[in-house]
Structures are given as structure tokens and as C-alpha cells.
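Student:
Protein chains: 2
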Amino acid sequence: MVEQHDVQLDTVFHALGDATRRTMLLQLAGGEQTVGQLAEPFAMSLAAASKHVKALENAGLIRREVRGRTHVCRLAPGPLASAHAWLSFYERFWTDRLDVLERLLREEDAGTSKEGHEP
Amino acid sequence: MVEQHDVQLDTVFHALGDATRRTMLLQLAGGEQTVGQLAEPFAMSLAAASKHVKALENAGLIRREVRGRTHVCRLAPGPLASAHAWLSFYERFWTDRLDVLERLLREEDAGTSKEGHEP
DNA sequence: GTGTTGTTCAACCATACGGTTGAATATAGG
DNA sequence: CCTATATTCAACCGTATGGTTGAACAACAC
Numbered sequence: 498m499v500e501q502h503d504v505q506l507d508t509v510f511h512a513l514g515d516a517t518r519r520t521m522l523l524q525l526a527g528g529e530q531t532v533g534q535l536a537e538p539f540a541m542s543l544a545a546a547s548k549h550v551k552a553l554e555n556a557g558l559i560r561r562e563v564r565g566r567t568h569v570c571r572l573a574p575g576p577l578a579s580a581h582a583w584l585s586f587y588e589r590f591w592t593d594r595l596d597v598l599e600r601l602l603r604e605e606d607a608g609t610s611k612e613g614h615e616p
Numbered sequence: 498m499v500e501q502h503d504v505q506l507d508t509v510f511h512a513l514g515d516a517t518r519r520t521m522l523l524q525l526a527g528g529e530q531t532v533g534q535l536a537e538p539f540a541m542s543l544a545a546a547s548k549h550v551k552a553l554e555n556a557g558l559i560r561r562e563v564r565g566r567t568h569v570c571r572l573a574p575g576p577l578a579s580a581h582a583w584l585s586f587y588e589r590f591w592t593d594r595l596d597v598l599e600r601l602l603r604e605e606d607a608g609t610s611k612e613g614h615e616p
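Same order as they appear, the protein sequences are chains A and B.
Just so we're on the same page, our numbering is the position in the first sequence counted from 1, plus 497.
Just so we're on the same page, our numbering is the position in the second sequence counted from 1, plus 497.
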């Protein structure tokens, strides 16, 4: 039961882990777009962009409607909501517990050195 | 400026796109864990699990504190919040517009055939 | 010191990913 | 019919990913 969910999250997060595909989603947030329109902004072949579209479709993030010879895509919000929901689980870590965490980190940082996010 | 943000989202979403790493995060949600403890539930070598931990650390999702000879990890909520924020942008698509979308999809499905996820 | 424990490193391997190109497909328009 | 347009498919290529193994390193125990 959970496996299926896991696999879905795998493909969804993987799809989101590429700036090209995220940009495409952003584009689709403005309304439906054909594959060609989605591909246009990118400096890559149409075939490559088509693969990205397919990845998004595969993850269930978009829906495709073959309208004549063009393929019109639109956002399919379901899986995005799933990913969002998954992440929401951690919300308490940056709300409820953030102050506690911050305090711990400050203690730690004071103990070790100046430190920061990036060494 | 946005590039940096993009790269961060790349690594964060990529890190999240693996069930092993998500399970590790879930584990860390229960409190700090050593690398060994994180690795234990999985049927893979410690070296492999260590790579996953490193991926999470690389994405900024966890923090590591070398305590003696053990490496203790804990959640670092910042990047998770970033990913969550990114996804939140789409919230309106499954709240405001979901009903509109649903209506459109129902029309479409009625027009083409019975259903349509898998051909 | 020796030995054991926790973790990483390095080399390697198979497979997946993202890109290319050129051919194939399907539809629209003359 | 023929041609142009929109898109995919197939084969290929370089690199990244996720896994293995065995050696190395660091810190505790004796």
C-alpha cells in the first residue's frame, strides 16, 4: 500500500529535481501549453524537451490532451499536492521546534567555532 | 541570483526523490541518529547508506555532528522549508482552481472515452 | 601497544539520465 | 496527391547514480 505511494513520490520528486521541468510547470501554471511552446524557451532539441514533458506526465504532474497534431498540456495538481503533503509533515520542525533547534545550534556553534551554513 | 536557488532546489528535490533518503529523514524526525543507526533498517552496505546520508547533508537537509567516532545527524529544516515553499506556489491549483479543473477534466473524459490515465 | 568499532574512501560495475541526431508518424493545408 | 508542421521514436553517447567490495582512518577499550 505504502509502496505505491513511495513510488509515486519517487517519480514526483525526481521530476521536480530538474530546473527545466520546474520551469515547465511554472509555465503551465499560466495556462495550458503545447509541447512546442513548452520547449521553446530552452536551448535544447525538441526531442529532449519532449522527454522532459514525458517525465512530468509520467509523474502525473501534467495531463496531455492530443488536440489535432498538437499535444496540449496542463497542470495536474494531484501529485503536487501529495509532495506538498509529504513535506508538510516536517512543518513542525521549522515552526514548533525551530526555536529549540536554533538554540541547540547556537550552543553547538558557540562550542565549536564561528561556523555557518557553508564551511 | 535565482540560479543559486535553482541549484539548491535541484539537490533538495533530488535528495527527496529516493525512498531510502526519505525514510532516513522520517527517522530523523524522531530525533538525532548516528549514521549507523540510519543505515541499520536498510538491506544495503553501510557504505551505500553513508552515501545517502552524504546526499542529504549535501542538500542541506541534515546536519552532522562528529561526536567522538560516531557521526550524529539531525534534521536541518531550512531547505525542506524551501521545497515546501516552492510547492506552495501551486496550492491555488488544487484549491482555487481545482473545481474548474475537475469540471474540464470531466467534460474531456466524457468526450473522449471512459477514462484516460493509461492508454 | 593490540584490537574492535564507526565511518569514510577508492575502485569498480550496472543501470539510469539527459542530451544529441536522423528517421518515423500523424495531421493540417495547399 | 504533396508538403509543411508538430511530435515522437530509436539509436547512440557521456556522465551521474546507486550499489558492491576491500582498504583506510579515527576513536574507544583493553
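Using N, Cα and C, we set each Cβ at its ideal position, and we do this for glycine too.
Predicted, not measured: the structure shown is a model, and the values here were computed from it.
Return the chain-ordered list of same chain residues with a C-beta closer than 6 Å to the C-beta of B/D515, the five sequence neighbours on each side being excluded.
Tutor: Closer than 6 Å at Cβ, skipping near neighbours: no residue.
Student: Relative to the C-alpha of A/A631, which candidate in A/R564, A/H568, A/E562, A/A556 has its C-alpha closest?
Tutor: Since the displayed chain A opens at 498 and closes at 616, residue 631 of chain A lies outside it and no answer follows.
Student: For B/A545, count neighbouring C-beta atoms within 10 Å of its own C-beta (all shown protein chains included) and say buried if the count is 16 or more, exposed if not.
Tutor: Its Cβ having fewer than 16 others within 10 Å, B/A545 is exposed.
Student: Using DSSP with H/G/I as helix, E/B as strand and the rest coil, what is A/L506?
Tutor: Helix.
Student: Which of the three DSSP states is assigned to B/L598 in this structure?
Tutor: Bear in mind that the predicted position of B/L598 carries a pLDDT of just 48, short of 50, making it too unreliable to give a figure here.
Student: Here's the rule I'm using: 16 or more other beta-carbon atoms within 10 Å means buried, otherwise exposed. How should B/G540 be labelled?
Tutor: One detail in the question is off: residue 540 of chain B reads as Ala in this sequence, not Gly. It counts as exposed.
Student: Output yes if chain B places a C-beta closer than 8 Å to the C-beta of A/D507; else output no.
Tutor: Answer yes: the Cβ-Cβ gap between A/D507 and chain B drops below 8 Å somewhere.
Student: Taking one C-beta from the region 510 to 530 of chain A and one from the region 558 to 576 of chain A each time, how about it: are there three or more such pairs within less than 8 Å?
Tutor: Yes: at least three Cβ pairs fall under 8 Å.
Student: Using a Cβ-Cβ distance cut-off of 8 Å, determine whether A/R564 contacts chain B.
Tutor: Judged by the 8 Å Cβ criterion, A/R564 is not in contact with chain B.
Student: Would you check if the distance between the CB atom of B/R518 and the CB atom of B/H549 is smaller than 8 Å?
Tutor: Cβ distance < 8 Å, so B/R518 and B/H549 count as in contact.
Student: Any C-beta of chain A within less than 9 Å: which residues of the region 570 to 585 of chain B qualify?
Tutor: Answer set for the region 570 to 585 of chain B: R571, L572, A573, P574, G575, L577, A578, A580, H581, W583, L584, S585.
Student: Sort out for me which residues DSSP pairs B/V563 with in a bridge.
Tutor: In the DSSP output, where bridge partners are listed per residue, B/V563 has B/H568.
Student: Would you please state the rounded distance, in angstroms, between the beta carbons of A/L584 and B/A580? I believe it to be under 8 Å.
Tutor: Yes, A/L584 and B/A580 are in contact; Cβ-Cβ is about 6 Å, under 8 Å.
Student: Once the 5 residues before and after A/E562 are set aside, which same chain residues still bring their CB inside 6 Å of it?
Tutor: Cβ within range, chain order: V569.
Student: Judging by CA-CA distance, which residue of B/V532, B/P576, B/S542 is the nearest neighbour of B/T567?
Tutor: That would be B/V532, whose Cα lies nearest to the Cα of B/T567.
Student: Between which two residues does the alpha helix (DSSP H) holding A/G575 run?
Tutor: That run of the alpha helix (DSSP H) goes 574 to 585.
Student: Answer yes or no: does any C-beta atom of chain A fall closer than 8 Å to that of B/E604?
Tutor: Confidence in B/E604 is poor, its pLDDT being 48 and thus under 50, which makes the residue's placement too unreliable to answer from.
Student: Under the rule that 16 or more other beta-carbon atoms within 10 Å means buried, what is B/V504, buried or exposed?
Tutor: By the neighbour-count rule (16 or more Cβ atoms within 10 Å), B/V504 is not buried but exposed.
Student: Measuring only the C-alpha atoms, how far is B/R564 from A/Q534?
Tutor: About 53 Å.
Student: Residues of chain A with CB under 7 Å from B/F510, in chain order?
Tutor: What B/F510 touches in chain A: F510, L513, G514.
Student: Could you pull out every residue in the same chain whose Cβ sits closer than 7 Å to the Cβ of B/A512, ignoring the five residues on either side in sequence?
Tutor: Result list for B/A512: R518, A552, L553, A556, L558, in chain order.
Student: Once the 5 residues before and after A/H502 are set aside, which same chain residues still bring their CB inside 6 Å of it?
Tutor: If we look at A/H502 and ignore the five residues flanking it on each side, it has no Cβ neighbours.
Student: Within 10 angstroms of its Cβ, does A/F586 collect 16 or more other Cβ (buried), or is it exposed?
Tutor: With fewer than 16 other Cβ atoms within 10 Å, it is exposed.
Student: Can you find a C-beta in chain A that's less than 8 Å from the C-beta of B/A536?
Tutor: B/A536 does not count as touching chain A.
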